[in-house]
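Residue numbers (the numbering used here), protein chains in the order written: chain C, 1 to 390; chain B, 391 to 776. Don't be surprised by glycine CBs; every beta carbon is placed ideally from N, CA and C. Note that this is a predicted model, so its numbers are computed, not measured. Structure record follows, encoded as C-alpha cells.
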C-alpha cells in the first residue's frame with residue numbers, strides 16, 4: 001500500500017500539532033493531524049472558525065508566528081514531479097535551481113526543518129498561498145504589475161525587466177484580467193479582480209501546491225463560481241495541487257477530490273468528496289450536511305447542529321464533539337477517538353495511521369467511537385449508515 | 391405586539407414600500423463638473439405581511455441593504471413612499487421617528503460590530519425597553535430581559551445577562567442582537583443578512599429561531615440574503631434585486647424552481663449545490679465540468695451605479711439581451727400565482743417574436759441549469775479564442 005503510493009504523493013503531514021501559548025492556558029489549535037496530498041489533487045479542508053484549519057495551512061507554509069508553536073509532527077514535501085502529466089512545463093520551471101536544500105530531485109524535503117534560505121526558495125516556488133482577504137493581501141501603494149514582477153525578481157534576480165513584465169501580462173491573462181490592468185492599483189479593481197490578481201501572483205513561479213485560505217468567501221456567488229472555474233481550469237492545465245480551506249462544505253463537495261473535516265483541531269473525518277456526500281460517517285459531518293438548505297427537492301425542516309463550537313482553551317474531554325452529538329455514549333466522554341480507516345463492512349482497528357489515504361483505495365477515515373467495534377459492538381446507528389439523501 | 395393577527399395569507403401588509411428610490415450624492419472631484427450620484431435603489435416596491443417572511447436576494451451592491459435601511463428610516467428615500475399600516479411614514483426624526491422605530495426594528499449583518507463592546511447584554515437589552523417605555527422599574531426590566539433572552543434561546547438567562555459581547559460566540563451575539571430588536575416589541579423585523587457572518591453549523595439555528603419568532607409573534611420579516619437556498623428555506627416570498635432594480639418576485643418555491651429572469655437563473659446556476667454533483671454521473675476526478683456561471687462574454691461584476699446601463703441594468707450581462715433592453719426598463723409581467731418578472735422575454739408585446747426564445751429559456755427546475763450550462767459550454771471557447 002505504502003510503496004505504490006509514494007510516487008504520486010506530494011505532501012505528507014504526519015502527526016502535526018500546533019499550540020498557541022497564552023497566559024490563560026495553551027490552546028491546542030491543531031492536534032495530531034495526519035494526511036497526504038496527491039499531485040494534482042484538490043484537497044479540501046472544512047471546518048468552523050476556530051477548528052484549526054487556517055493554523056494547519058499556515059503551519060504547512062511555515063507562516064506561523066509566536067505564540068504559535070509546532071509542538072510535534074512532520075511536513076514532508078516530495079519535490080519530484082512524477083511526470084509532467086498535464087499541460088506544458090512553464091518557462092520558470094527550467095530556471096529552477098534544484099529543489100530547496102539542494103537535495104536531489106526525488107529526495108524528501110522536511111519543510112519544518114528548512115533553514116531560512118531554503119525556506120525562501122521553497123515558498124512560492126514550490127508552495128504558494130492565497131490569503132482570505134484580497135483586500136489586505138495586496139499592497140495598496142503598488143500597482144499589481146509591480147507586485148507580480150516583485151515575486152519574479154525576488155526568486156529570479158537575473159530575470160530582465162522586460163521578461164518579467166511579459167510574464168506578468170501572461171499571468172494576468174491566465175486568470176482572466178486584461179493586460180491593460182497591469183498598472184492598476186488594488187483600489188481600482190473590484191473584489192473579484194483583486195482575488196484573481198492574488199491567484200496570478202500565487203501562480204507566478206508555477207508552484208506545486210497552492211494553499212487557498214477561503215479564497216472566495218468575501219465574494220458574490222457569481223464571481224465565486226467564476227473564480228472557482230478558473231482555478232479548476234488552471235489546475236487542469238498546470239497540474240498543481242490545491243489545499244482549499246473553507247467553511248462552506250457545499251462548495252467543497254463540488255470542487256474537492258478529498259475532503260478533511262476538522263473539528264476542534266482534529267480531523268473528524270477524511271474521505272473523497274463523493275463518499276462524504278453519500279455516506280457521511282461522523283455525526284458532525286452528518287450534521288454539517290444537514291445544515292445547509294437545498295435549492296431543490298422536498299422542503300423539510302433542517303435541524304443543524306445544536307450548541308456552539310467549543311472554546312479551544314477548554315476542549316471537552318474525550319471526543320470534542322460529544323456535547324453536541326446526539327449519538328454520544330459513555331466512551332465519547334473519556335476516550336479521544338483516533339482517526340481510523342473505515343469500510344462499510346467492517347472497522348479496521350489498530351491499523352497504524354501512517355497513510356490514512358491511499359490512491360486507489362480512497363479509504364475514508366473517521367474519528368468516532370460509533371465505528372469502533374469494541375466500544376460500540378452494535379455498530380453505528382442506521383440513520384448515519386444509510387445513504388445521505390439530500 | 392401585532393394586533394393584526396389575521397387568519398389567511400391575504401392579510402393586509404403591515405409595511406409597504408411603493409416605488410422607493412434612493413440616490414447618494416458623490417463628492418465632486420472637479421469643482422465645475424456636474425454633480426454625480428450613485429443610483430443605489432431605482433424602483434423598489436414590496437409589502438411585508440404579519441407572520442410572513444419576504445426574502446430580498448441579490449449580490450452585494452444590488453441595493454438590498456439600502457432597501458432595508460430605507461424601510462428602517464436610517465436613510466430618507468429620494469422618492470417613493472413607505473406606508474406603515476396604510477399610513478404614509480413621513481417621520482424624519484424626533485418622537486415621530488421613535489414611534490415608528492418602535493414598530494420597525496432591524497437586525498444587522500455583523501454581530502461583531504453591531505453590539506457595543508463596552509456594554510453588557512443587560513445594557514443592550516434595557517435601552518430599547520426604556521426608550522420605548524416597556525419597562526417602568528428595575529424589577530420589571532430584569533423580568534423582561536430574562537424573558538427576551540429565553541425567547542432567543544440564550545438560557546439560562548442569568549448566565550448571559552451580565553456578559554460582554556466579547557464573551558459570547560458569534561451565534562450568541564446575533565441572538566442578543568435579535569433580542570434587542572425584539573425588545574421594542576416590533577411588528578416588523580428587518581434582518582440584513584443575519585446569518586452570513588456565522589458559522590455554518592450555527593446558521594440554521596439562528597434561521598430556525600427567526601422562523602419560530604415569526605410564527606409565534608406574528609412578525610413581518612424582511613430577510614436579506616445572497617443565498618437563494620436559505621431564501622427558499624426561510625421565506626414564503628422571494629424578491630430578486632439587481633443593481634437597484636427589482637427583477638423578479640413571487641412565492642419562493644415558484645421563483646426558485648421556475649425562475650424566469652436570466653439574472654435569477656444566473657444566481658441559481660452559480661449557487662453551490664452538492665446535489666448537482668451528487669446526482670451527476672461523473673466519476674472520480676471528473677471535476678472538469680465546473681463551469682463559470684456566466685454565459686456572457688461581459689464582465690462578471692455589477693455595473694457601475696454612477697452611470698448605470700440604460701433600460702434593464704442586466705442587459706450588458708444578459709445572454710438574451712435584445713435592442714429594446716437597453717432602451718427601457720421592462721414592465722412587470724404577471725405570470726400567475728403571484729409570480730412576476732421584469733423582463734422583455736416574457737412581455738406581452740414581445741410575445742410574437744420572442745416566444746421561441748422565451749420557451750427555450752423558460753426553465754423548469756433542473757432543466758434550467760442544464761440549459762444554462764450548455765449555453766456556457768457553447769460560448770466559453772469562443773471567449774478564449776480571442
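Check, Outcome
"Start and end residues, beta strand (DSSP E) containing residue 175 of chain C", "Looking at the DSSP string, residue 175 of chain C is not in any beta strand (DSSP E), and its letter there is neither H nor E."
"Close Cβ partners of residue 85 of chain C (< 6 Å) along its chain, the five nearest in sequence each way excluded", "For residue 85 of chain C, the predicted model reports a pLDDT of 39, less than 50, meaning its position is unreliable; a value from the coordinates is still stated below. 239, listed in sequence order."
"Distance, residue 517 of chain B Cα to residue 407 of chain C Cα", "This structure cannot settle anything about residue 407 of chain C, because the visible part of chain C is limited to 1 through 390."
"Proximal residues of chain B, C-beta to C-beta of residue 409 of chain C below 9 Å", "Beyond the ends of chain C as shown, which are 1 and 390, falls residue 409 of chain C; an answer cannot be given."
"Interface flag, residue 387 of chain B vs chain C, CB-CB below 8 Å", "Past the boundaries of the shown model lies residue 387 of chain B; chain B is included only from 391 to 776, so the question cannot be answered."
"Whether residue 259 of chain C touches residue 40 of chain C by CB criterion (8 Å)", "no"
"Proximity below 8 Å, CB of residue 505 of chain B to CB of residue 424 of chain B", "no"
"Of the residues B:711, B:618, B:614, B:729, the one placed nearest residue 453 of chain B, counting alpha carbons only", "B:614"
"Partners in chain C for residue 620 of chain B, counting only beta-carbon separations shorter than 7 Å", "293"
"CB contact check: residue 316 of chain C to chain B, cutoff 8 Å", "no"
"Residue span of the alpha helix (DSSP H) that contains residue 283 of chain C, given as start and end", "283 to 289"
"Residue 185 of chain C in three-state terms, based on DSSP", "coil"
"In DSSP terms, what residue 412 of chain B is bridged to", "B:431"
"Secondary structure of residue 234 of chain C, DSSP reduced to three states", "helix"
"Cβ-based burial, residue 416 of chain B [other Cβ within 10 Å; buried from 16]", "exposed"
"Within chain B, partners of residue 363 of chain C - CB distance below 8 Å", "Those do not exist, as residue 363 of chain C stays about 15 Å from chain B at its closest Cβ, beyond 8 Å."
"Under 8 Å between C-beta atoms of residue 364 of chain C and residue 271 of chain C", "yes"
"Touch test, the stretch 45 to 60 of chain C against the stretch 21 to 33 of chain C, Cβ-Cβ under 8 Å, three pairs minimum", "yes"
"Touch test, the stretch 403 to 420 of chain B against the stretch 595 to 607 of chain B, Cβ-Cβ under 8 Å, three pairs minimum", "no"
"Within the stretch 104 to 128 of chain C, ranges of the alpha helix (DSSP H) (whole runs, at least 4 residues)", "116 to 125"
"Burial state of residue 694 of chain B, where buried means 16 or more other Cβ atoms lie within 10 Å", "exposed"
"Pair within 8 Å by beta-carbon distance, residue 151 of chain C and residue 230 of chain C", "no"
"Chain C contacts made by the stretch 558 to 585 of chain B, where a contact means CB separation under 9 Å", "559, 560, 561, 562"
"Host alpha helix (DSSP H) of residue 150 of chain C (start-end)", "144 to 155"
"Beta carbon proximity, residue 658 of chain B to chain C, threshold 8 Å", "yes"
"Any C-beta of chain B under 8 Å from that of residue 133 of chain C", "no"
"Neighbour flag for residue 595 of chain B against chain C, beta carbons, 8 Å", "yes"
"Residues from the stretch 295 to 309 of chain C in contact with chain B, defined by Cβ distance under 8 Å", "295, 296, 297, 299, 301, 302, 303, 304, 305, 306, 308, 309"
"Distance between beta carbons of residue 197 of chain C and residue 177 of chain C, contact taken as under 8 Å", "7 Å"
"Chain B within 8 Å of residue 269 of chain C, Cβ atoms only", "no"
"When B:643, B:583, B:641 are compared against residue 501 of chain B, the one with the closest alpha-carbon", "B:583"
"Contacting residues, own chain, Cβ-Cβ under 6 Å from residue 637 of chain B (five flanking each side not counted)", "630, 651, 653, 732"
"Residue 513 of chain B versus residue 560 of chain B: straight-line alpha-carbon distance, rounded", "18 Å"
"Straight-line Cα distance separating residue 712 of chain B from residue 744 of chain B", "Any answer about residue 744 of chain B is weak, because its pLDDT of 42 lies below 50 and its placement is not dependable; what the coordinates show is given next. Cα to Cα, residue 744 of chain B sits roughly 10 Å from residue 712 of chain B."
"Through-space distance from residue 262 of chain C to residue 153 of chain C, alpha-carbon basis", "37 Å"
"Rounded C-alpha distance that separates residue 314 of chain C from residue 324 of chain C", "15 Å"
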